[in-house]
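Down below is the structure, laid out as C-alpha coordinates.
In the working numbering, the protein residues as written are 21 to 215.
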(Lines of atoms letter the chains of each structure in order from A and count residues from 1; the text may use other names and numbers.)
(Lines give C-alpha, C1' and ligand atoms only; values in the text may rest on other atoms or scores of the structure.)
Protein backbone atom coordinates (compact mmCIF):
# COMPACT_ATOMS: atom_id res chain seq x y z
CA UNK A 1 0.00 0.00 0.00
CA UNK A 2 3.07 2.29 0.03
CA UNK A 3 5.56 3.59 -2.54
CA UNK A 4 9.15 4.65 -2.39
CA UNK A 5 9.75 7.92 -0.56
CA UNK A 6 6.23 8.00 0.91
CA UNK A 7 5.81 9.50 4.37
CA UNK A 8 4.00 7.24 6.91
CA UNK A 9 2.84 7.71 10.47
CA UNK A 10 2.95 5.20 13.27
CA UNK A 11 0.04 2.75 12.84
CA UNK A 12 -0.44 3.33 9.07
CA UNK A 13 -1.10 0.11 7.14
CA UNK A 14 1.86 -0.68 4.92
CA UNK A 15 1.21 -4.20 3.60
CA UNK A 16 -1.77 -6.55 3.58
CA UNK A 17 -0.82 -10.17 3.04
CA UNK A 18 -3.19 -12.79 1.66
CA UNK A 19 -4.94 -14.03 4.81
CA UNK A 20 -7.07 -16.88 3.43
CA UNK A 21 -4.82 -19.65 4.81
CA UNK A 22 -4.75 -17.98 8.22
CA UNK A 23 -8.54 -17.56 8.28
CA UNK A 24 -8.95 -21.25 7.48
CA UNK A 25 -6.53 -22.20 10.24
CA UNK A 26 -8.45 -19.98 12.67
CA UNK A 27 -11.75 -21.61 11.68
CA UNK A 28 -10.20 -25.06 12.12
CA UNK A 29 -8.88 -24.11 15.56
CA UNK A 30 -12.27 -22.70 16.58
CA UNK A 31 -13.97 -25.88 15.34
CA UNK A 32 -11.56 -28.03 17.35
CA UNK A 33 -12.26 -25.87 20.41
CA UNK A 34 -16.02 -26.37 20.00
CA UNK A 35 -15.51 -30.12 19.63
CA UNK A 36 -13.44 -30.16 22.83
CA UNK A 37 -16.21 -28.26 24.63
CA UNK A 38 -18.79 -30.78 23.40
CA UNK A 39 -16.57 -33.63 24.63
CA UNK A 40 -16.34 -31.97 28.04
CA UNK A 41 -20.10 -31.58 28.25
CA UNK A 42 -20.54 -35.21 27.22
CA UNK A 43 -18.15 -36.31 29.98
CA UNK A 44 -20.05 -34.20 32.49
CA UNK A 45 -23.37 -35.78 31.44
CA UNK A 46 -21.81 -39.23 31.75
CA UNK A 47 -20.55 -38.35 35.24
CA UNK A 48 -23.99 -37.15 36.29
CA UNK A 49 -25.53 -40.36 34.97
CA UNK A 50 -22.90 -42.44 36.76
CA UNK A 51 -23.62 -40.65 40.05
CA UNK A 52 -27.32 -41.30 39.59
CA UNK A 53 -26.55 -44.97 38.89
CA UNK A 54 -24.44 -45.16 42.05
CA UNK A 55 -27.31 -43.74 44.12
CA UNK A 56 -29.74 -46.19 42.51
CA UNK A 57 -27.38 -49.12 43.12
CA UNK A 58 -26.84 -48.12 46.73
CA UNK A 59 -30.58 -47.80 47.24
CA UNK A 60 -31.00 -51.24 45.69
CA UNK A 61 -28.44 -52.69 48.11
CA UNK A 62 -30.31 -51.06 51.00
CA UNK A 63 -33.61 -52.52 49.84
CA UNK A 64 -32.12 -55.96 49.46
CA UNK A 65 -30.58 -55.68 52.96
CA UNK A 66 -34.03 -55.02 54.39
CA UNK A 67 -35.46 -57.95 52.45
CA UNK A 68 -32.63 -60.18 53.70
CA UNK A 69 -33.42 -59.30 57.31
CA UNK A 70 -37.09 -60.13 56.72
CA UNK A 71 -36.09 -63.38 55.02
CA UNK A 72 -33.86 -64.33 57.98
CA UNK A 73 -36.81 -63.85 60.31
CA UNK A 74 -38.93 -65.98 57.99
CA UNK A 75 -36.24 -68.70 57.90
CA UNK A 76 -36.05 -68.69 61.71
CA UNK A 77 -39.87 -68.91 62.02
CA UNK A 78 -40.22 -71.69 59.45
CA UNK A 79 -37.29 -73.60 61.01
CA UNK A 80 -39.03 -73.39 64.41
CA UNK A 81 -42.28 -74.61 62.85
CA UNK A 82 -40.45 -77.43 61.12
CA UNK A 83 -38.78 -78.52 64.37
CA UNK A 84 -42.16 -78.50 66.11
CA UNK A 85 -43.79 -80.52 63.36
CA UNK A 86 -40.80 -82.91 63.25
CA UNK A 87 -41.34 -83.66 66.96
CA UNK A 88 -45.13 -83.89 66.55
CA UNK A 89 -44.96 -86.23 63.55
CA UNK A 90 -43.12 -88.77 65.73
CA UNK A 91 -46.11 -88.83 68.10
CA UNK A 92 -48.55 -88.82 65.18
CA UNK A 93 -49.99 -85.55 66.55
CA UNK A 94 -49.89 -83.96 63.05
CA UNK A 95 -50.50 -85.40 59.65
CA UNK A 96 -47.77 -86.20 57.18
CA UNK A 97 -49.17 -83.43 54.96
CA UNK A 98 -48.78 -80.82 57.72
CA UNK A 99 -45.21 -81.96 58.33
CA UNK A 100 -44.39 -81.76 54.60
CA UNK A 101 -45.95 -78.28 54.40
CA UNK A 102 -43.70 -77.16 57.27
CA UNK A 103 -40.67 -78.68 55.52
CA UNK A 104 -41.62 -77.01 52.21
CA UNK A 105 -42.11 -73.65 53.94
CA UNK A 106 -38.68 -73.96 55.61
CA UNK A 107 -36.96 -74.88 52.32
CA UNK A 108 -38.74 -72.07 50.47
CA UNK A 109 -37.67 -69.54 53.11
CA UNK A 110 -34.05 -70.76 52.91
CA UNK A 111 -34.08 -70.54 49.09
CA UNK A 112 -35.57 -67.04 49.26
CA UNK A 113 -32.81 -65.98 51.65
CA UNK A 114 -30.13 -67.42 49.34
CA UNK A 115 -31.66 -65.62 46.34
CA UNK A 116 -31.72 -62.31 48.21
CA UNK A 117 -28.11 -62.72 49.33
CA UNK A 118 -27.09 -63.34 45.70
CA UNK A 119 -29.06 -60.26 44.62
CA UNK A 120 -27.18 -58.25 47.25
CA UNK A 121 -23.84 -59.52 45.91
CA UNK A 122 -24.82 -58.56 42.37
CA UNK A 123 -26.06 -55.14 43.48
CA UNK A 124 -22.81 -54.56 45.39
CA UNK A 125 -20.77 -55.55 42.34
CA UNK A 126 -22.87 -53.24 40.17
CA UNK A 127 -22.32 -50.39 42.63
CA UNK A 128 -18.57 -51.03 42.51
CA UNK A 129 -18.59 -51.13 38.69
CA UNK A 130 -20.58 -47.90 38.48
CA UNK A 131 -18.19 -46.24 40.95
CA UNK A 132 -15.26 -47.23 38.73
CA UNK A 133 -17.12 -45.82 35.72
CA UNK A 134 -17.63 -42.59 37.64
CA UNK A 135 -13.91 -42.39 38.38
CA UNK A 136 -13.13 -42.99 34.71
CA UNK A 137 -15.48 -40.22 33.62
CA UNK A 138 -13.91 -37.88 36.18
CA UNK A 139 -10.59 -38.56 34.45
CA UNK A 140 -12.27 -37.90 31.09
CA UNK A 141 -13.36 -34.51 32.40
CA UNK A 142 -9.76 -33.70 33.32
CA UNK A 143 -8.59 -34.75 29.86
CA UNK A 144 -11.40 -32.75 28.23
CA UNK A 145 -10.47 -29.65 30.25
CA UNK A 146 -6.85 -30.03 29.15
CA UNK A 147 -8.00 -30.44 25.54
CA UNK A 148 -10.09 -27.26 25.79
CA UNK A 149 -7.10 -25.37 27.18
CA UNK A 150 -4.91 -26.61 24.30
CA UNK A 151 -7.57 -25.79 21.69
CA UNK A 152 -7.95 -22.29 23.16
CA UNK A 153 -4.18 -21.83 22.81
CA UNK A 154 -4.49 -22.98 19.18
CA UNK A 155 -7.27 -20.42 18.57
CA UNK A 156 -5.19 -17.65 20.15
CA UNK A 157 -2.15 -18.62 18.06
CA UNK A 158 -4.28 -18.66 14.88
CA UNK A 159 -5.65 -15.19 15.71
CA UNK A 160 -2.13 -13.93 16.31
CA UNK A 161 -0.91 -15.34 12.99
CA UNK A 162 -3.93 -13.79 11.25
CA UNK A 163 -3.04 -10.43 12.79
CA UNK A 164 0.39 -10.67 11.15
CA UNK A 165 -1.22 -10.41 7.71
CA UNK A 166 -1.70 -6.66 8.20
CA UNK A 167 1.65 -4.94 8.63
CA UNK A 168 1.61 -1.44 10.07
CA UNK A 169 4.28 1.21 10.59
CA UNK A 170 5.94 0.92 13.97
CA UNK A 171 7.02 4.56 13.85
CA UNK A 172 6.73 7.74 11.82
CA UNK A 173 9.08 7.79 8.88
CA UNK A 174 9.65 7.51 5.17
CA UNK A 175 9.35 4.32 3.10
CA UNK A 176 12.34 3.45 0.96
CA UNK A 177 13.75 0.55 -0.99
CA UNK A 178 10.36 -0.98 -1.91
CA UNK A 179 11.29 -4.17 -3.74
CA UNK A 180 7.89 -5.96 -4.02
CA UNK A 181 4.89 -5.60 -6.27
CA UNK A 182 1.22 -6.34 -5.41
CA UNK A 183 0.57 -10.06 -5.90
CA UNK A 184 4.23 -11.01 -5.53
CA UNK A 185 5.09 -13.97 -3.25
CA UNK A 186 7.28 -13.19 -0.28
CA UNK A 187 8.99 -15.45 2.22
CA UNK A 188 9.08 -15.15 5.99
CA UNK A 189 11.90 -12.82 7.01
CA UNK A 190 12.25 -11.31 3.53
CA UNK A 191 12.73 -7.50 3.58
CA UNK A 192 10.08 -5.82 1.41
CA UNK A 193 11.06 -2.18 2.17
CA UNK A 194 12.55 0.03 4.85
CA UNK A 195 10.87 2.69 7.00
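We put the beta carbon where it would ideally sit given N, CA and C, even for glycine.
All of these numbers come straight from a predicted model, not from anything done at the bench.
1) Measuring straight from C-alpha to C-alpha, what distance separates residue 130 and residue 124?
2) Tell whether a beta-carbon distance below 9 Å holds between residue 3 and residue 171.
3) With H, G and I counted as helix, E and B as strand and the rest as coil, what does DSSP make of residue 133?
4) Does DSSP classify residue 128 as helix, strand or coil?
5) Please name the residue or residues paired with residue 193 in a DSSP beta bridge.
6) Just the Cα atoms here: how many angstroms apart are residue 31 and residue 57?
7) Quick one: is residue 49 buried, meaning 16 or more other Cβ sit within 10 Å of its Cβ, or exposed?
8) Closest by CA to residue 190, which one among 136, 215 and 126?
Quick look at the numbers:
1) 10 Å
2) With the chain represented from 21 up to 215, any question about residue 3 goes unanswered, as that position is not in the structure.
3) helix
4) Annotated three-state conformation of residue 128 is helix, per DSSP.
5) 28
6) 37 Å
7) buried
8) 215
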